[in-house]
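Novice:
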Amino acid sequence: MRTSFFWGLLLLLVTASGSAMAQTQSSHYKAAETLLLTMDTPKTIDTNLQQMLTMQMEQMPAMKEAEIEVRSFFAKYMSWDAIKEDMVKLYMEEFTEKELKDMTAFFKTPTGKKLAAKQSTLTMRSAQLGQSKIQPHLMELEQILRSKLKDN
């Protein structure tokens, strides 16, 4: 009798703690999802993807022939619907529920909305800035690599 009671109590405790954990994860999940939506992530992902594909088409004219298929491929695997779960999990791994809620509050302010709207532009311009700093010195890098490969 005592053993049955013990196992029953243990099962009840495990079930209750699992249920509480699921609720915590659920609210954590919702906090991450809310932040991503507040930051307008679905639109940002789509805009960035379209810009990247347009640049690729300009740099590789041969891709232009299959533009519809290429865009369809990327829409299938890189759209918000395709990566939403992974993005939510990523934010859940990196931030606590409280941090997610704090960031959501910030991104609801005018300054936060401006940052969210400018994030793609800032990322693109930062990459261009990095390229512009390296571009004039590519010959130097090439010489370093040649020297190193020659020594080996």
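Just so we're aligned: the sequence shown equals residues -22 to -1, 1 to 130 in mature numbering (1 follows the signal peptide of the UniProt record, and there is no 0).
The C-beta atom is built at its ideal place from N, Cα and C for all residues, glycine as well.
Can you tell me whether F73 is helix, strand or coil according to DSSP?
Specialist: Position 95 of the sequence shown, counted from the first residue, corresponds to residue 73. F73 falls in the coil class under three-state DSSP.
Novice: Please report the residue range of the alpha helix (DSSP H) in which M38 lies.
Specialist: Locating residue 38 in the sequence shown gives position 60, where the first residue counts as 1. It is not in any alpha helix (DSSP H) - M38 carries neither H nor E in the DSSP assignment.
Novice: Can you tell me whether DSSP reads M56 as helix, strand or coil?
Specialist: Position 78 of the sequence shown, counted from the first residue, corresponds to residue 56. Residue state, collapsed to three classes: helix.
Novice: CA-CA distance, L78 and L14?
Specialist: Counting from 1 along the sequence shown, the entry for residue 78 is found at position 100. Counting from 1 along the sequence shown, the entry for residue 14 is found at position 36. Those two C-alpha atoms are separated by around 9 Å.
Novice: T87 by DSSP, collapsed to three states: which one?
Specialist: To locate residue 87, count along the sequence shown from 1; it is residue 109. In the structure shown, T87 sits in coil (DSSP, three-state: anything other than H, G, I, E or B).
Novice: Could you pull the start and end residues of the alpha helix (DSSP H) that Q121 belongs to?
Specialist: One-based indexing of the sequence shown puts residue 121 at position 143. Q121 -> alpha helix (DSSP H) spans 116 to 129.
Novice: When you compare the CB positions of L27 and M56, do they come within less than 7 Å of one another, or not?
Specialist: Residue 27 sits at position 49 when you count from the first residue of the sequence shown. Residue 56 sits at position 78 when you count from the first residue of the sequence shown. The answer is yes: Cβ separation under 7 Å.
Novice: Let me know the secondary structure DSSP gives M17 once reduced to three states.
Specialist: Numbered from its first residue, the sequence shown carries residue 17 at position 39. DSSP places M17 in coil when its eight states are reduced to three.
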